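Residue numbers (our numbering), protein chains in the order written: chain A, 2 to 74; chain B, 948 to 1091.
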């Protein structure tokens, strides 16, 4: 299982899902209509490191964070 | 990197940073202060921070500054910050002014675009995500 957490204003509880790659995570999240509107503007971190490749492989216990648009300062 | 609950004590932070680098032989110290402005009837701004990714982002900037012989520092508020108080300060120290002037510009702009911090307007005691002022981070849309 991997954990998917939604940061900042997304306001959704974390999910525990089975996924071998980030592409699997994308497919799973796209099943949720509320999340679809966030996904095109969100960045992704795997175990707190930013990632940019859907083919990134996942292992049991990994944590995927979904980061919506930011505005510090 | 320093994170505080609520508004920043700007004078204390800048004074302490000045003391920390007093003997470091930097010729330039360029501070930046972000202050909450009264606009559109807000009572305050409020902030969420994802600290592990913010720390990694800041560590990368420290390395970049070090390669130029400079030092970057920053402090940010978590939670609510009332009007006319500070939510963010940063600074660059460098041997000569040009590096510090250019770095503070790049650092603050990249901070706005890629530091994992979420801003909310506070109105009638409620937090409203400042979506229209927010920027998707580098790499956004990967899962779309």
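A virtual CB, placed ideally from N, CA and C, is assigned to each residue, including glycine.
Just so it is clear, the structure is predicted and the values come from calculations on it, not from any experiment.
Going by DSSP, residue 962 of chain B is part of the alpha helix (DSSP H) stretching over 957 to 967. By the rule that beta-carbons nearer than 8 Å mark a contact, residue 965 of chain B does not touch chain A. Along the segment 1038 to 1059 of chain B, going in chain order, the ones with a CB nearer than 7 Å to a CB of chain A are 1058 and 1059. Interface with chain A (8 Å Cβ-Cβ cutoff): residue 1065 of chain B is included. Leaving aside the five residues that flank residue 1046 of chain B on each side, the residues in its chain whose CB is nearer than 6 Å to its CB run, in chain order, 1015 and 1017.
In terms of Cα proximity to residue 2 of chain A, the closest of A/30, A/35, A/60 and A/69 is A/60. Pairing residue 972 of chain B with residue 1040 of chain B, the inter-Cα distance amounts to about 9 Å. Residue-level contact by beta carbon holds for residue 1086 of chain B and chain A, with a gap shorter than 8 Å. When the alpha-carbon of residue 1091 of chain B is set against those of A/74, A/72, A/54 and A/73, the nearest one is in A/54.
Using a Cβ-Cβ cut-off of 8 Å, residue 1031 of chain B does not count as an interface residue toward chain A, since no Cβ of chain A sits closer than that to its own. Across the structure, residue 967 of chain B and residue 960 of chain B are spaced so that their CA atoms are roughly 10 Å apart. Around residue 985 of chain B, the same chain offers 1030 as residues with beta carbons nearer than 6 Å, after the five sequence neighbours per side are excluded.
Beta-bridge partners assigned by DSSP to residue 1029 of chain B: B/991. DSSP, read as helix, strand or coil, puts residue 17 of chain A in strand. For residue 1068 of chain B, the pairing in a beta bridge is given by DSSP as B/992 and B/1075. The beta carbon of residue 70 of chain A lies closer than 6 Å to those of 42 in the same chain, with the five residues before and after it left out.
Its Cα nearest to that of residue 74 of chain A, the residue B/955 stands out among B/955, B/987, B/1019 and B/1050.
No Cβ of chain A is located within less than 8 Å of the beta carbon of residue 956 of chain B.
Counting along the chain, residue 1010 of chain B sits inside the alpha helix (DSSP H) bounded by residues 998 to 1014. When C-alpha distances from residue 58 of chain A are compared across A/68, A/27 and A/7, the shortest belongs to A/27. In this structure, residue 974 of chain B lies near residue 1043 of chain B, with their beta-carbon atoms less than 8 Å apart.
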